[in-house]
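S.K.:
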Amino acid sequence: MGLPPRVGRPHLHGTTHRVWQEAFVRTRLFTLGLLGAAALYAACSAGDAGSTIGEEGGGGDGSTTTTGNTGGSTSTGEGGIDFSGSGGHQGGGFPCDDTVTDFDQDGFSTAEGDCNDCDPNVNPGAVEVQTDPMTNPDMIDEDCDGEIDEVIPTCDAGIFFDEIDAMKAAQTIELCDVATPGGKDYGVLQAFWGHANGAQAVPAQQPQFGMQADFGPNVQTQAGDRMLVLSSGHARLPTQANAATNNSANPQGFTPLVPPAGFPQNVPGCDGGTDIYDDIALNLRLRAPTNATGFKYRFKFYSFEFAEYVCTNFNDQYIALVNPPPMGSLNGNISFDSNNNPVSVNLAFFDVCDPVANNDFAAYCLTGCPAQPNPYCPLGPAELAGNGFDDAFGSNFEDAGGTSWLETTAPIDGGSEFDIRFAIWDTGDSAYDSSVLIDGFQWVATPGTQIGTVPPPPQ
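Here the sequence shown is numbered in this note's numbering, starting from 431 and rising by one per residue.
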């Protein structure tokens, strides 16, 4: 089950683009003390006549974003890009082909491989943007590799479910490119397993992560052949080695661990827990493409805490912690619902469950207890089948529930380096485990990218 087709991004053509280029060229002329203004203007504005400004791509359902419509279009699942807001414009002549001067100030001169030094969105540090040749062709080689709109391959074929290499885990979520320390390319700079607070992992955590081809017969990857699973129990399917045998695997014992600063994040009005147990995290350091304005990824959360422990101090949590914290994040966390609830059984999107088995909604809640949602369990229990959450890994003890696939978008500066930590833990005690599936990472280049978590567009 792949990501939806990519939709072409708008490009700065026509009058608006010419005005921008005129101002840009005049500024550079003044700064560099160059002569021949008429020649420079002609060089960088050639070919604009008669074109128009493209429209911005549509976004997700704005009703559940935290800061507005995420905007943008989506990918076919063939790779990790999503660009809807920047565009190349082929120029020529002096100074765009000056081999020494980085005319568009994108970090690359013509001598360094910039194939259009009049457009800062086109250079070897950018990501190729696939567009529909029938509806929105751009004919632009954004990454200057000599090809236009080439398919970006995935890179997670053949990875085993119990692989321990953290770089392989990055590949399972479509982060295929490896960046050079101190370089200008984009991709993964570092990957390691750890605790939720960033400390290095210990051997006991190894069963808590897995790279699965599916999560039962009804839950498939969102891109590529594998997806990452993190669990406060065991990230294994019931038929695999080291699978849990009940709803409380306790991989790290019964000793409280150190949470990241500002967490656990409690739901307003509900009892809040302070201790965390059985945490696991994938830590990544990334460098963004030069034409990126953000990124997005998909996740799906499951918990044995549902439904009776809703709004209690035992609510396990999943976070995606970004540093530096983007605007709109909560203590750096970018994945939460429109009510600022962290990802737990209190999330607004907890739709996968059996309404008969889960007839004890918030039974152990003491304060701030919410009413049972209406509709309740609208997606039914099908996506609990075959992954252990339908029968507690064969023990037939305790009900459970999960979310649909959700998509988080967050802003980032093009060419910047940042850290992201995907982490999950038990809250309050080490019992009643939770798991999260992570897949489909994409770079975004939509102007005004904002934080939001919504169900992805229909397949």
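Ideal Cβ positions, reconstructed from N, Cα and C, are used throughout, including at glycine.
1) Can you give me the C-alpha to C-alpha distance between P756 and D843, rounded to a whole angstrom?
2) Inspect the beta-carbon positions of D579 and E604 and report whether they are closer than 8 Å.
3) Name the two residues that bound the continuous beta strand (DSSP E) containing M641.
4) Output the residue ranges of the alpha helix (DSSP H) runs that lie fully inside the stretch 757-811 and measure 4 residues or longer, sorted by chain position.
5) Who are the Cβ neighbours of V697 in its own chain at under 6 Å, not counting the five residues just before and after it?
6) For the candidate residues A673, H625 and D607, whose alpha-carbon lies nearest to that of G390?
7) Are the Cβ atoms of P805 and C783 separated by less than 8 Å?
8) Quick one: what's P841 bridged to in DSSP?
9) With a 10 Å radius around its C-beta and 16 neighbouring C-beta atoms as the bar for buried, classify D708 as buried or exposed.
10) Going along the chain, which residues of its own chain have a beta-carbon closer than 8 Å to the beta-carbon of Q620, five neighbours each way excluded?
11) For A815, which residues of its own chain have a beta-carbon under 8 Å away from its beta-carbon, when the five flanking residues on both sides are left out?
12) Considering only residues of the same chain and omitting the five flanking positions on each side of G466, which have a CB-CB separation below 6 Å?
13) Out of F693, A711 and K726, state which residue places its alpha-carbon closest to the alpha-carbon of N876.
14) Quick check: what's the CA-CA separation for E452 versus R666?
15) Given that a residue counts as buried once 16 or more other Cβ atoms are within 10 Å of its Cβ, and exposed if not, what is V688?
16) Between which two residues does the beta strand (DSSP E) harbouring T883 extend?
17) Whose C-alpha, out of Q652, Q560, A691 and H625, is nearest the C-alpha of P888?
18) Which runs of the beta strand (DSSP E), 3 residues or longer, sit entirely within the stretch 658-741?
19) Leaving out the 5 sequence neighbours to the left and right, which residues in its chain are closer than 7 Å to C585 when beta-carbon positions are compared?
20) Does the beta-carbon distance from V874 to T839 come in below 8 Å?
21) Rounded to whole angstroms, what's the CA-CA distance from F590 to K598? Just pull it up for me.
22) For N817, tell me which candidate among N753, F731, D856 and N761 has the shortest Cα-Cα distance.
23) I'd like to confirm the pairing. Which residues does DSSP put opposite S865 in its beta bridges?
24) Buried or exposed for E577, please, with buried defined as at least 16 other CB atoms from any protein chain shown within 10 angstroms of its CB.
25) When we look at the beta-carbon of T610 and count the other beta-carbons within 10 Å, is it buried (16 or more) or exposed?
26) Answer with buried or exposed for Q535, where buried requires no fewer than 16 other C-beta atoms within 10 angstroms of its C-beta.
27) Contact check, F729 vs V866 under 8 Å by CB: the rounded distance?
28) So, using beta-carbon positions, are P637 and P681 closer together than 8 Å?
29) How would you label F827, buried or exposed, when you count the other beta carbons within 10 angstroms and need 16 or more for buried?
30) Using beta-carbon positions only, say whether A556 and N721 come within less than 8 Å of one another.
31) Give the single residue among A541, T531, N677 and P754 whose Cα lies nearest to the Cα of F819.
32) Under three-state DSSP, which class holds E577?
33) D701 and T561: beta carbons closer than 8 Å?
34) Mapping DSSP to helix, strand and coil, what is A750?
35) Is it true that the CB of S768 sits closer than 8 Å to the CB of Q747?
36) So, are the CB atoms of Q735 and D790 less than 8 Å apart?
M.R.: Considering the structure as presented:
1) 10 Å
2) no
3) F639 to Q642
4) none
5) N771 and N776
6) This structure gives no information on residue 390, because the portion of the chain shown stretches from 431 to 889.
7) no
8) G724
9) buried
10) N713, L714 and R715
11) G646, P647 and N648
12) Interpretation of G466 is limited by its pLDDT of 39, a score under 50 that renders its predicted location unreliable; the figure taken from the coordinates is listed afterwards. Counting only Cβ-Cβ distances below 6 Å, and skipping sequence neighbours, we find nothing.
13) Contrary to the premise, residue 876 reads as Thr rather than Asn in this sequence. Selected option, being the one with the closest Cα: K726.
14) Residue placement at E452 cannot be trusted, given a pLDDT of 41 that sits under 50; the coordinates are not used to answer.
15) exposed
16) G882 to V884
17) Q652
18) 706-717 and 724-733
19) Q601 and C606
20) yes
21) 10 Å
22) F731
23) S661 and Y732
24) exposed
25) exposed
26) exposed
27) 6 Å
28) yes
29) exposed
30) yes
31) N677
32) coil
33) no
34) strand
35) no
36) It should be noted that the sequence gives Glu, not Gln, for residue 735. Not in contact: E735 and D790 (Cβ atoms no closer than 8 Å).
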